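First comes the structure, then the notes that go with it.
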Amino acid sequence: MRQFSWLTAGLSVLALVLMVIAYAIYSNIPKEQDPAVAKRTEARIAPVGGVYAGDTGRAAMLAAQEAAAKAAASQVAYGGSTDGKTIYDNLCHSCHTAGVAGAPKLGDKGAWGGRIAQGIATLTKHAIEGYTGPDGNHMPAKGGNPALTDEQVGNTVKWMVDQTK
Numbered sequence: 367m368r369q370f371s372w373l374t375a376g377l378s379v380l381a382l383v384l385m386v387i388a389y390a391i392y393s394n395i396p397k398e399q400d401p402a403v404a405k406r407t408e409a410r411i412a413p414v415g416g417v418y419a420g421d422t423g424r425a426a427m428l429a430a431q432e433a434a435a436k437a438a439a440s441q442v443a444y445g446g447s448t449d450g451k452t453i454y455d456n457l458c459h460s461c462h463t464a465g466v467a468g469a470p471k472l473g474d475k476g477a478w479g480g481r482i483a484q485g486i487a488t489l490t491k492h493a494i495e496g497y498t499g500p501d502g503n504h505m506p507a508k509g510g511n512p513a514l515t516d517e518q519v520g521n522t523v524k525w526m527v528d529q530t531k
């Protein structure tokens with residue numbers, strides 16, 4: 367009988383341990399929720415109202431962009447001077463004196479000869495729009511100063527070509 371009581375006590379402890387393990391596993395399993403309960407909860411915590419301002423934010427942004435474009439257009443470089451030498455002295459000399467990025471040096475007939483042969487219209491177009499040549503030389507649009515007018519660029523190109531002849 368003594369052995370039976372030890373066996374009964376051991377089985378009771380084992381059963382108790384198994385029940386604790388089963389409860390721990392069961393309590394960690396996510397419970398299924400009724401979809402209606404979830405919808406009611408979402409409806410209960412949803413904001414009461416919202417704000418719609420229409421296109422006012424977009425309209426203000428477009429108006430600001432338009433005003434900035436008008437302000438930039440009204441700022442003409444070098445006081446609106448159309449003198450090619452003045453513009454060259456203030457902007458172009460930095461590259462065309464040292465030959466930066468393959469720029470032809472002012473007065474260098476060899477470097478300017480092929481370019482002049484293409485015509486003033488082509489040179490002016492490349493100066494206005496920018497150009498990267500097949501040999502890797504690079505001319506930024508309007509010499510890197512977008513405030514220059516096409517007339518200012520054209521007069522500067524003509525002045526530079528006149529210095530080469």
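In the numbering used here, the protein residues as written are 367 to 531. Note that CB positions come from ideal geometry on N, CA and C, so glycine has one too. Since the structure is predicted, the reported quantities are computational estimates derived from the model, not experimental observations.
CB-CB under 6 Å to residue i, same chain, minus the five flanking residues each way: which ones, in chain order?
i, result
"G509", "L457 and C458"
"C461", "A469"
"P413", "none"
"D516", "I494"
"H492", "M505"
Looking at residue i: is its Cβ nearer than 8 Å to the Cβ of residue j?
i, j, result
"V519", "I494", "yes"
"G450", "K531", "no"
"A467", "N511", "no"
"Q529", "G480", "no"
"G499", "A507", "no"
Starting from residue i and walking both ways along the alpha helix (DSSP H), at which residues does that stretch end?
i, result
"E398", "No alpha helix (DSSP H) holds E398; DSSP gives it neither H nor E."
"K524", "D516 to T530"
What residues match up with residue i in a beta bridge as DSSP calls it?
i, result
"V505", "Contrary to the premise, residue 505 reads as Met rather than Val in this sequence. DSSP, once it has assigned bridges, lists Y497 as partnering M505."
Near residue i, which residues of its chain fall below 8 Å by C-beta distance, leaving aside the five closest residues on each side in sequence?
i, result
"V527", "W478, I482, I486 and L489"
"Q441", "A513"
"Y454", "H462, L472, T522, W525 and M526"
Within its chain, find whatever has a CB closer than 7 Å to the CB of residue i; leave out the 5 residues flanking it on each side and keep chain order.
i, result
"K471", "H462, T463, G465 and A477"
"T448", "E517, Q518 and N521"
"G502", "G468"
Worksheet item: Which runs of the alpha helix (DSSP H) spanning at least 4 residues fall entirely within the region 440-491, listed in chain order?
Response: 450-453, 459-462 and 475-483
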